[in-house]
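Student:
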Amino acid sequence: MILFILRRIALLIPTILGITIVAFGFVRVLPGDPVLLMAGERGLSEERYAEMLKQFGYDQPIWRQYIDYLGDLLRGDFGNSIVTKKPVLTEFFALFPATVELAFCAILIAILVGIPAGVFAASRRGKLVDQVLMGTALVGYSMPIF
2 MILFILRRIA LLIPTILGIT IVAFGFVRVL PGDPVLLMAG ERGLSEERYA
52 EMLKQFGYDQ PIWRQYIDYL GDLLRGDFGN SIVTKKPVLT EFFALFPATV
102 ELAFCAILIA ILVGIPAGVF AASRRGKLVD QVLMGTALVG YSMPIF
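Residue numbers (my numbering): 2 to 147.
#1: Are the beta-carbon atoms belonging to Gly80 and Asp69 less than 8 Å from one another?
#2: Looking at the strands, I want to know which residues DSSP matches up with Pro88.
#3: Per DSSP, what kind of secondary structure is Asp60 in: helix, strand or coil?
#4: Please classify Ala122: is it buried, with 16 or more other beta-carbons within 10 angstroms of its beta-carbon, or exposed?
#5: Please name the residue, chosen from Ile108, Glu47, Asp131, Pro35, that lies closest to Gly119 on a Cα-to-Cα basis.
#6: Note down the Cα distance separating Ile168 from Lys55, rounded to an integer number of angstroms.
#7: Alpha carbon to alpha carbon, how far is Lys128 from Thr21? Give it in angstroms, no decimals.
#8: Where does the unbroken alpha helix (DSSP H) through Leu129 begin, and where does it stop?
#9: Under the assumption that Pro35 contacts Tyr59 (Cβ atoms under 8 Å), give the Cβ distance between them as a whole number of angstroms.
#10: Indicate the three-state DSSP secondary structure (helix, strand or coil) for Ser46 in the structure shown.
Here's what the structure looks like:
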């Protein structure tokens with residue numbers, strides 16, 4: 002059992018590195034210049050553009066940007082939101098309680114409605130009630146999550 006746990010921990014490191022490489026790569030291959038996206042519609046002077054490139058590390062080679070990205074992640078620095086200009090972690094913690102409340106309510110409704118409906122449908126297997134409840138569940142399951 003200890004060997005299994007050690008093997009899982011050893012596999013965790015390349016998995017996390019792979020996820021960070023994919024996330025970092027996706028952001029880097031997006032169209033558009035990240036500095037110009039941050040600047041918005043107002044535009045930038047050449048000096049300010051060069052200053053922002055240096056400030057955010059986009060003037061560094063890609064491998065150096067990745068190392069800096071990993072260091073920031075390990076320190077819990079997820080950068081600033083492009084929209085609000087506030088730290089992402091601050092935004093996350095401000096909205097997290099509402100997310101937990103929504104998730105709790107959704108789980109509670111699913112338990113209070115889903116389990117009795119499932120038991121009711123199972124007790125009337127093959128009948129119209131079962132088919133209606135199964136169809137409703139299928140529609141709910143097939144609906145995209147937005």
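For each residue, glycine too, the CB sits at the ideal point set by N, CA and C.
Tutor: So, to answer that:
#1: no
#2: Asn81
#3: coil
#4: buried
#5: Asp131
#6: Here the chain has residues from 2 to 147 only, and residue 168 is not among them.
#7: 51 Å
#8: 129-143
#9: 7 Å
#10: coil
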